[in-house]
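*Asks:* Keeping their order, the protein sequence lines are chains A and B. Be aware that the first sequence starts at 373, since it is given in our numbering, and climbs by one per residue. Be aware that the second sequence starts at 373, since it is given in our numbering, and climbs by one per residue.
Number of protein chains: 2
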Amino acid sequence: MVNSSGNSDLRPLQQHLGYQFKNAQLLQQALTHKSYARDNNERLEFVGDAVLGYLVGSMLYRQYPLVQEDALSLMRAELVRGRTLASLAKELDLPPLLRLGSGELKSGGRQRDSILANAVEAVIGAAHEDGGIQACVALVDRLYAQRIQNLDAESLKDAKTQLQELLQGRGLDLPVYEVEEISGADHQRQYCVSCSVGALNESASAYASSRRGAEKAAAQLVLLQVQKRGADRD
Amino acid sequence: MVNSSGNSDLRPLQQHLGYQFKNAQLLQQALTHKSYARDNNERLEFVGDAVLGYLVGSMLYRQYPLVQEDALSLMRAELVRGRTLASLAKELDLPPLLRLGSGELKSGGRQRDSILANAVEAVIGAAHEDGGIQACVALVDRLYAQRIQNLDAESLKDAKTQLQELLQGRGLDLPVYEVEEISGADHQRQYCVSCSVGALNESASAYASSRRGAEKAAAQLVLLQVQKRGADRD
Numbered sequence: 373m374v375n376s377s378g379n380s381d382l383r384p385l386q387q388h389l390g391y392q393f394k395n396a397q398l399l400q401q402a403l404t405h406k407s408y409a410r411d412n413n414e415r416l417e418f419v420g421d422a423v424l425g426y427l428v429g430s431m432l433y434r435q436y437p438l439v440q441e442d443a444l445s446l447m448r449a450e451l452v453r454g455r456t457l458a459s460l461a462k463e464l465d466l467p468p469l470l471r472l473g474s475g476e477l478k479s480g481g482r483q484r485d486s487i488l489a490n491a492v493e494a495v496i497g498a499a500h501e502d503g504g505i506q507a508c509v510a511l512v513d514r515l516y517a518q519r520i521q522n523l524d525a526e527s528l529k530d531a532k533t534q535l536q537e538l539l540q541g542r543g544l545d546l547p548v549y550e551v552e553e554i555s556g557a558d559h560q561r562q563y564c565v566s567c568s569v570g571a572l573n574e575s576a577s578a579y580a581s582s583r584r585g586a587e588k589a590a591a592q593l594v595l596l597q598v599q600k601r602g603a604d605r606d
Numbered sequence: 373m374v375n376s377s378g379n380s381d382l383r384p385l386q387q388h389l390g391y392q393f394k395n396a397q398l399l400q401q402a403l404t405h406k407s408y409a410r411d412n413n414e415r416l417e418f419v420g421d422a423v424l425g426y427l428v429g430s431m432l433y434r435q436y437p438l439v440q441e442d443a444l445s446l447m448r449a450e451l452v453r454g455r456t457l458a459s460l461a462k463e464l465d466l467p468p469l470l471r472l473g474s475g476e477l478k479s480g481g482r483q484r485d486s487i488l489a490n491a492v493e494a495v496i497g498a499a500h501e502d503g504g505i506q507a508c509v510a511l512v513d514r515l516y517a518q519r520i521q522n523l524d525a526e527s528l529k530d531a532k533t534q535l536q537e538l539l540q541g542r543g544l545d546l547p548v549y550e551v552e553e554i555s556g557a558d559h560q561r562q563y564c565v566s567c568s569v570g571a572l573n574e575s576a577s578a579y580a581s582s583r584r585g586a587e588k589a590a591a592q593l594v595l596l597q598v599q600k601r602g603a604d605r606d
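The following block contains the structure:
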């Protein structure tokens with residue numbers, strides 16, 4: 373992938389991204405690890421991390437109008453964590469394009485999650501410097517729309533089942549659901565349901581327009597808390 | 373400030389913000405604490421936090437082209453921390469506009485930093501939902517341009533002195549500066565200088581086009597690390 377001038381062919385990556393850089397030098401810099409050169413991707417990573425947090429947060433806010441703030445935060449944390457970004461890097465075929473110092477190369481840096489995750493953030497930062505936030509809106513949508521959809525399909529729709537399976541897998545008691553409040557007129561009833569898992573000392577409450585919906589949303593909150601505890605130990 | 377219909381006059385606030393809401397209901401919601409109503413500011417705070425992190429990060433990136441990623445992160449943390457946001461809330465005269473439940477009111481919620489900080493974030497989130505990111509660019513610029521300038525005047529320009537005073541105040545040894553590297557051709561010399569504070573077990577290196585500049589930048593990094601340790605204990 374590297375030609376005689378030491379530059380890689382960045383056209384396939386730009387096709388994957390759905391974004392054509394006006395200044396390809398910025399993209400090259402986004403792929404340059406600090407072990408390789410002083411003009412590396414660290415500052416671009418700072419920008420990309422901020423852009424990604426904003427755009428993914430904003431997408432979640434719109435996609436999940438009934439989900440509360442703490443659950444949105446956990447969902448976003450899952451979507452922008454290192455492991456997720458590293459798989460994005462692999463989907464984008466970034467590893468062969470990375471410019472690493474010889475030490476990092478020998479120790480397998482091309483496959484290291486932290487290096488890959490930082491490079492993805494830096495690529496988003498480079499797009500921001502090249503084409504502004506509008507370029508990033510399209511790019512992040514392309515990278516994340518399906519993932520945010522899947523969060524719905526895999527996680528939200530079946531959070532009760534997932535939580536149950538997770539607890540059974542650990543030999544723990546099933547969660548307890550309780551209706552805390554029913555409010556609103558007939559045609560706009562709101563249910564507030566709590567979900568508690570005594571063994572893990574986790575509980576959460578959520579609102580929805582049906583009891584079943586509120587149970588699912590509360591289960592989702594607890595599930596994300598449990599997963600976050602797991603992720604923090606990574 | 374509250375009229376007979378229970379709504380406050382939000383015109384002065386919009387003048388402070390330099391932004392006129394198309395949907396004033398969103399601004400009202402941003403000022404509504406969860407203790408007051410279910411339609412509260414928690415989700416807007418989620419959006420505002422993300423928008424603010426992005427825009428302040430992006431402003432710092434442009435304003436400080438020579439500052440490295442970790443220092444940018446610390447500078448941003450200082451600018452968006454609760455205490456800073458709470459003083460912004462007071463400058464904007466937010467406290468009398470907040471809608472709080474009676475318990476929070478009695479316990480002095482109007483002056484509580486966390487409530488004020490969340491409300492400022494929610495106001496930014498509301499501007500985002502009302503006028504998109506462009507509305508927020510103008511608003512955050514208005515709130516932060518001077519603060520980012522002051523960071524320069526107060527912190528960056530005199531970081532060596534500040535660090536020295538801080539260490540003297542604690543009865544600790546002065547920092548040690550060492551030139552680690554000089555590179556580049558005559559007309560574009562780059563200096564890398566490290567700054568170490570043995571007693572606090574902190575050190576950092578920075579690049580600049582002059583030795584003095586690199587010393588200041590390295591001192592700034594160490595200073596921010598020391599301040600961050602202080603802030604984490606808040």
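Virtual Cβ for every residue (Gly too), placed ideally from N, Cα, C. Nothing here was measured: the structure is a model prediction, and the numbers come from that model.
Counting only Cβ-Cβ distances shorter than 7 Å, please list the residues of the region 424-451 of chain A near chain B, keeping chain order.
*Replies:* Cβ contacts with chain B come from GLY425, TYR426, GLY429, SER430, TYR433, GLN440, GLU441, LEU444, SER445.
*Asks:* First and last residue of the alpha helix (DSSP H) that includes B:ALA507?
*Replies:* Unbroken alpha helix (DSSP H) run through B:ALA507: 485-522.
*Asks:* Are any of the Cβ atoms in chain B nearer than 8 Å to that of A:GLU476?
*Replies:* Output row for A:GLU476: interface = no.
*Asks:* Confirm the yes/no value for this check: CB of A:PHE393, any heavy atom of the ligand MN, distance under 7 Å.
*Replies:* The ligand content of the structure shown is nil, which means the ligand MN is not present either.
*Asks:* If you compare alpha carbons, which of A:VAL428, A:GLY454, A:THR456, A:SER459 is closest to A:LEU444?
*Replies:* The residue with the shortest Cα to Cα distance from A:LEU444 is A:VAL428.
*Asks:* Give the straight-line distance between the Cα atoms of B:LEU539 and A:LEU523, rounded to the nearest whole angstrom.
*Replies:* So the two alpha carbons sit approximately 49 Å from each other.
*Asks:* Cα-Cα, which of A:GLY570, A:ALA461, A:ALA517, A:ALA449 is closest to A:ASN490?
*Replies:* Among A:GLY570, A:ALA461, A:ALA517, A:ALA449, the Cα nearest to that of A:ASN490 is on A:ALA461.
*Asks:* Just list the alpha helix (DSSP H) runs in the region 400-440 of chain A, keeping only unbroken ones of 4 residues or longer that don't cross its boundaries, in chain order.
*Replies:* You should have 414-435.
*Asks:* Looking at the unbroken beta strand (DSSP E) that takes in A:GLN562, where does it start and where does it end?
*Replies:* Its beta strand (DSSP E) spans residues 562-569.
*Asks:* Would you please state the rounded distance, in angstroms, between the beta carbons of A:ASN413 and A:LEU403? I believe it to be under 8 Å.
*Replies:* Confirmed, Cβ separation roughly 7 Å.
*Asks:* Establish whether the CB of A:ILE487 and some CB of chain B are separated by less than 8 Å.
*Replies:* So no, A:ILE487 is outside the interface.
*Asks:* So is B:PRO547 buried or exposed if we call it buried at 16+ other beta carbons inside 10 Å?
*Replies:* Classification of B:PRO547: buried, given that the 10 Å Cβ count is 16 or more.
*Asks:* Would you please verify whether the beta carbon of B:ARG415 is less than 8 Å from any beta carbon of chain A?
*Replies:* Output row for B:ARG415: interface = yes.
*Asks:* Beta-carbon of A:ASP606 versus every beta-carbon of chain B: anything under 8 Å?
*Replies:* At A:ASP606 the pLDDT is 47, less than 50, meaning the model places this residue with poor confidence and gives no usable figure here.
*Asks:* Output needed for A:GLU495: all residues of its chain with C-beta closer than 6 Å, excluding positions within five of it in sequence on either side, in chain order.
*Replies:* It is Val, not Glu, that sits at residue 495 of chain A in the sequence shown. Result list for A:VAL495: ALA402, in chain order.
*Asks:* According to DSSP, which residues form a beta bridge with A:TYR579?
*Replies:* Answer by DSSP bridge pairing, in chain order: A:CYS564.
*Asks:* Report yes if the C-beta distance between B:ALA576 and B:GLN560 is below 8 Å; otherwise report no.
*Replies:* Cβ atoms of B:ALA576 and B:GLN560: not closer than 8 Å.
*Asks:* Quick one: residues in its chain with C-beta nearer than 7 Å to the C-beta of B:GLY570, no 5 flanking neighbours on either side, listed in chain order?
*Replies:* Excluding residues within five positions, the ones whose Cβ falls inside 7 Å are ASP545.
*Asks:* Pair every Cβ in the region 384-399 of chain A with every Cβ in the region 501-509 of chain A, then say whether three or more of these pairs are closer than 8 Å.
*Replies:* Counting Cβ pairs under 8 Å, three or more are found: they touch.
*Asks:* Name, in chain order, the residues that DSSP records as bridge partners for A:SER555.
*Replies:* Per DSSP, A:GLN562.
*Asks:* Roughly how many whole angstroms lie between the Cα atoms of B:LYS406 and B:TYR516?
*Replies:* Rounded to whole angstroms, B:LYS406 to B:TYR516 spans 27 Å at the Cα level.
*Asks:* If you count every other CB in all the chains shown that lies within 10 Å of the CB of B:ALA409, and 16 or more means buried, which is it?
*Replies:* Exposed is the call here.
*Asks:* Out of curiosity, what's the CA-to-CA distance linking A:LYS532 and A:GLN592?
*Replies:* Their Cα atoms are separated by approximately 7 Å.
*Asks:* Nearest to A:GLN483 by CA position, among A:LEU464, A:ALA458, A:GLY504, A:ALA499, is which residue?
*Replies:* Looking at the Cα atoms, A:ALA458 is the closest of the given residues.
*Asks:* Taking the alpha helix (DSSP H) that B:ARG455 falls in, what are its first and last residues?
*Replies:* Element bounds for B:ARG455: 454-463.
*Asks:* For chain A, is any of its Cβ atoms less than 8 Å away from the one on B:ILE496?
*Replies:* Closer than 8 Å: no.
*Asks:* So what does DSSP say about A:ASP606, is it helix, strand or coil?
*Replies:* Bear in mind that the predicted position of A:ASP606 carries a pLDDT of just 47, short of 50, making it unreliable; the figure below should be weighed with that in mind. Looking at A:ASP606 - three-state DSSP - the assignment turns out to be coil, as it is neither helix nor strand.
*Asks:* Anything in chain B within Cβ reach of A:ALA422, meaning under 7 Å, just list it in chain order.
*Replies:* Residues of chain B passing the Cβ test: GLY425, TYR426, GLY429, SER430.
*Asks:* Using a C-beta to C-beta distance shorter than 8 Å, which residues of chain A count as neighbours of B:PHE418?
*Replies:* The answer, in chain order, is GLY429, TYR433, GLU441, LEU444, SER445.
*Asks:* Which same chain residues end up closer than 6 Å to B:VAL419 when comparing Cβ atoms and leaving out the 5 residues on each side of it in sequence?
*Replies:* If we look at B:VAL419 and ignore the five residues flanking it on each side, its Cβ neighbours are GLY497, HIS500.
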